[in-house]
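Chains as they are written, first to last, in our numbering: chain A, 2 to 411; chain B, 50 to 153. Note that the Cβ used here is the ideal one computed from N, Cα and C, for glycine as well.
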C-alpha cells in the first residue's frame, strides 16, 4: 500500500485530501493528521468580535473528508523527512511515500515582550486571530465606552494580511452605530510604510482610513507591550485604552523542532511547483509554506489544483511542471455594509477595475460596494459546501488581467 | 531603471533608490552612502550589512529583522541604535539589496 500523509486538516489539508482521493486509485492510502477534530471557518474570526456566534465558526473536521480518507486525531511532535516518518504525541509513528505539509500558521504572542502576559490578563489587550480571543474581544468592544483604540500588526507575514484593516473599518462602523464614535480615537499601527504593502492598494486603503478619520502610524516595529503602552524599537510609545494586536505569526512548533522551516517556521517551498525545495517527496499547501504571496485560504484554494497536478506528476516519476502564479483574492470588509475586493498575484499588484468580467463585474475591485460584502458573506456557504469537498468553483485559478486598470508607467 | 551616481560610483536603482544590481555594491560605496543618512560606518555596521548580503545571496530575499536576530545573532535593539529611523529599510539600502518585501 502506498501512503500519502497530510499534516493538517484545515482548509488546505482538507482540500488536498479530497482532491487527491479523486486522483489516486485504491492502492493509495490517504491519511490526514491533526491535533483535534475542530475545523474552524477562519474568515469568521473577523465577525465574531461584532456579531457572529463563535459556535457558527466550528464544525467537525471529519464531516468534510470524502470516503477513502483516514483521519488521525493526534498532535504531530516531529517529522523526520530523511526517514519519511512522522512522530505523534501519543507515541505512534506514521510513515509515508509522499507528504503534504498543510499545518498552517499560528499567532505566537510570546515573541513580543509583555504581549502574552497582557493578552492573558484580558483587560486592555486582545486579539482576534484565535476563536477564544475573538470571543473575548466581543465583550471588550461592548464594554468600551471611549478612549484610545489601537489596531496593531506586530510583523509580517501574517495570515489574512487585510484582516487587521477590515477589523479597523468594522470597529469604526460599530462605534459610529453606537453613537460614540467621537469618543473613540482609532489608530492603525503597522510595521509597513503604509496601510498596505502594494502601491495602488495602499493608496486606496490609506484614503479610506483618512476618510473615516482613522489615524495611521507606520514603520512601527514593536518592542514591547505594557499596561496601556505599546513601545517600538525606535523609542516611540503609543498609549492605549484598548489594544487589538496581531501577534507575530509562525509555523507550527513541530516544523521548527524538526528543522523543516525558516527562522519563522515556514517550510521553504518552490513558489511555482509547491514542492519543498529540500525534499522531493514533500509538498506544501497553504499558510505553512513561505510563498511570497498572501497567507490566505484563497491562495490555498487557487494553488490546490497546481499541487494536485504536480504531486501526481511526481508520483508518476515525472517532473512537476504546473506553475502557480501566486493568485490571491480577498474580500475586504470596509464597514457600512460594504466590502472591497482585492485580486492579485506574484507579478501584478492589487488594482482597481471589475471582477471577474472586464467592465461588467459584477464585483468592483478595490472600491467599496454592497455586492462585494454580500459576496463575502455568501462565501461561508461556498467554503463548507463546495471548496472543502473539492467541488469545482466557477473561478479561474490563474489571475486574469482583463478588467484591471494598470497604473501608467512613469 | 534609473542610474544613481555618488562620487566616482554609479549604480542601477529602482524607483525608490534600492540597488537592482547587487554586485555594483562595495563597502566603500556603502561608506559614501552612509554619509547621506549621517551615519559613519564602523565594523559593527559593516558586520550587519555583510551578513545581510550573505544571507540574501543564500535565500534570494532581504532578511527580516527577526532573521537578523535568530540567524545572524544581531540584537534588534542594537540594530536600531546602529541604524536609527527606518532601520531595516536603511540597512537594505546600505547593503545594496532590494527593499525588504513584506508579503501581502
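With a cutoff of 7 Å on beta-carbon distance, residue 86 of chain A and residue 94 of chain A are scored as near each other.
Its Cα nearest to that of residue 22 of chain A, the residue A:69 stands out among A:245, A:64, A:127 and A:69. Annotation for residue 394 of chain A: 383, 387 and 388 place their beta carbon closer than 7 Å to its own, counting only its chain and skipping 5 residues before and after. A residue is called buried when at least 16 other Cβ atoms come within 10 angstroms of its Cβ; residue 134 of chain A meets this threshold and is buried. Annotation for residue 240 of chain A: the continuous beta strand (DSSP E) segment containing it runs 238 to 240. Contact between the stretch 258 to 275 of chain A and the stretch 359 to 366 of chain A is absent, with fewer than three C-beta pairs closer than 8 Å. In the assembly as shown, residue 113 of chain A is a buried residue. Its beta-carbon has 16 or more other beta-carbons within 10 Å. Distances from the alpha-carbon of residue 139 of chain A to those of A:380, A:162 and A:176 put A:176 closest.
The beta carbons of residue 71 of chain A and residue 32 of chain A sit closer together than 7 Å. Relative to residue 241 of chain A, the option among A:109, A:248 and A:228 whose CA is nearest is A:228. Here DSSP, grouped into helix, strand and coil, assigns residue 226 of chain A to strand.
Of all C-beta pairs linking the stretch 346 to 364 of chain A to the stretch 393 to 409 of chain A, three or more are shorter than 8 Å, placing the two stretches in contact. Cβ proximity to chain B below 9 Å picks out nothing from the stretch 29 to 62 of chain A.
Within the stretch 187 to 228 of chain A, the complete beta strand (DSSP E) runs of at least 3 residues fall at 216 to 218 and 223 to 227. Chain-ordered listing is empty here: chain B has no CB closer than 9 Å to the CB of residue 186 of chain A, the nearest sitting near 25 Å.
Closest option to residue 95 of chain B, judged by alpha-carbon separation, among B:87, B:83, B:106 and B:105: B:83. For a Cβ distance threshold of 9 Å, residue set 114, 125, 129, 136 and 137 of chain B lies close to residue 222 of chain A, ordered along the chain.
For residue 334 of chain A, the enclosing beta strand (DSSP E) has its first and last residue at 329 to 336.
With its beta carbon at least 7 Å from every one in chain A, residue 75 of chain B lies outside the interface. Rounded to whole angstroms, the Cβ separation of residue 137 of chain B and residue 149 of chain B is 5 Å, and the two are in contact under 8 Å.
Under the criterion of beta carbons closer than 8 Å, residue 167 of chain A and residue 334 of chain A qualify as touching, at roughly 4 Å. Three or more beta-carbon pairs separated by less than 8 Å are not found between the stretch 183 to 202 of chain A and the stretch 249 to 264 of chain A, which leaves the two stretches without contact.
Counting along the chain, residue 29 of chain A sits inside the beta strand (DSSP E) bounded by residues 29 to 35. With contacts defined as CB atoms closer than 7 Å, residue 307 of chain A and residue 275 of chain A qualify as a contacting pair.
Annotation for residue 85 of chain B: the continuous alpha helix (DSSP H) segment containing it runs 76 to 85. The beta carbon of residue 163 of chain A sits closer than 6 Å to the beta carbons of 331 and 333 from its chain, once the five residues preceding and following it are set aside; these are given in chain order. Nearest C-alpha to residue 155 of chain A among B:103, B:128 and B:113: B:113. Put simply, of A:258, A:277 and A:97 the residue whose alpha carbon is nearest the alpha carbon of residue 292 of chain A is A:277. Against chain A, the beta carbon of residue 119 of chain B has neighbours under 8 Å at 264, listed in chain order.
Counting along the chain, no alpha helix (DSSP H) covers residue 103 of chain A, and no H or E run does either.
The beta carbons of residue 129 of chain B and residue 235 of chain A sit closer together than 7 Å.
Annotation: Cβ neighbours of residue 235 of chain A in chain B (cutoff 8 Å, chain order): 129, 133, 134 and 136. Taking a 10 Å sphere around the C-beta of residue 85 of chain B, we find fewer than 16 other C-beta atoms and assign the residue as exposed.
Exposed is the label assigned to residue 59 of chain B, since fewer than 16 other Cβ atoms lie within 10 Å of its Cβ. Contact between the stretch 213 to 231 of chain A and the stretch 184 to 192 of chain A is present: three or more C-beta pairs spanning the two stretches fall below 8 Å. Between residue 374 of chain A and residue 339 of chain A, the CB-CB gap stays under 7 Å.
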